[in-house]
Every structure is written in structure tokens, then in C-alpha cells.
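For the sequence shown, numbering that gives the first Met the number 0 begins at 0 and goes up steadily by one.
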Amino acid sequence: MNKLYQLIQEWGRRSLGDILAEQFRRFKVWWLKTPPNPWPEELDEAVARNDSKMICPRCSTLQSDRAWFCPMRRGGRAI
Ligand SMILES: [Zn+2]
Numbered sequence: 000m001n002k003l004y005q006l007i008q009e010w011g012r013r014s015l016g017d018i019l020a021e022q023f024r025r026f027k028v029w030w031l032k033t034p035p036n037p038w039p040e041e042l043d044e045a046v047a048r049n050d051s052k053m054i055c056p057r058c059s060t061l062q063s064d065r066a067w068f069c070p071m072r073r074g075g076r077a078i
């Protein structure tokens, strides 16, 4: 028998309340789980430090504190 048929057979033996309670429990676990951080810890710390500098995401040129657009490219890239 295939997997779907076995699943349907199993659901037929259980009550609707049990199925809904299980699905709600799974939803709660999924909802409360925090997503994994894709960045290494040392990178997170380097970005959060007070002495870290702001750079252009395209050309990595250092930017001033008040820059909104990169001066290195014509038209400027938003910082
Ligand atoms: Zn740039």
C-alpha cells in the first residue's frame, strides 16, 4: 500500500478532535520556532559594534554617516 493510503486509513481511526489538536500543536511549534541565523557570530558582532563603518553594498567604498547614495557610481547606489 502506498503512503497516502496508509495516512488516510490512520486518520479514519482517529477522531477529528485528535487530528485537529495534533495539527494545532505542530502549527504552534512551527510558529514559535525562531529561524536559524545564516550569518556567523563574528560577523554579527562586527556589524553591531559602535566603531564599525558603513560601506556601499555594491563597491565596498566607505561612506559618511549622512550618506544616502554612494558617490562612486553615477546616479548613486542607495546605502
Ligand atoms: Zn558604491
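We put the beta carbon where it would ideally sit given N, CA and C, even for glycine.
Is Arg65 near ligand 1, going by C-beta to nearest heavy atom under 7 angstroms?
-> Result no, Cβ not under 7 angstroms from ligand 1.
What's the call for Cys58, buried or exposed, on a 16-neighbour Cβ count within 10 Å?
-> Exposed, since its Cβ has fewer than 16 Cβ neighbours within 10 Å.
Quick one: give me the first and last residue of the alpha helix (DSSP H) that Ile7 is part of.
-> Here the alpha helix (DSSP H) through Ile7 covers 2 to 12.
Who pairs with Leu31 in a beta bridge, going by DSSP?
-> Answer by DSSP bridge pairing: none, since Leu31 is not bridged.
Spatial neighbours of Ala45 in its chain, beta-carbon cut-off 8 angstroms, leaving aside the 5 residues before and after | Cβ-Cβ distances below 8 angstroms link Ala45 to Ser51 in the same chain, with the five nearest sequence neighbours on each side left out; the list follows chain order.
Straight-line CA distance for Thr33 to Phe26?
-> When only Cα atoms are considered, Thr33 and Phe26 end up about 13 angstroms apart.
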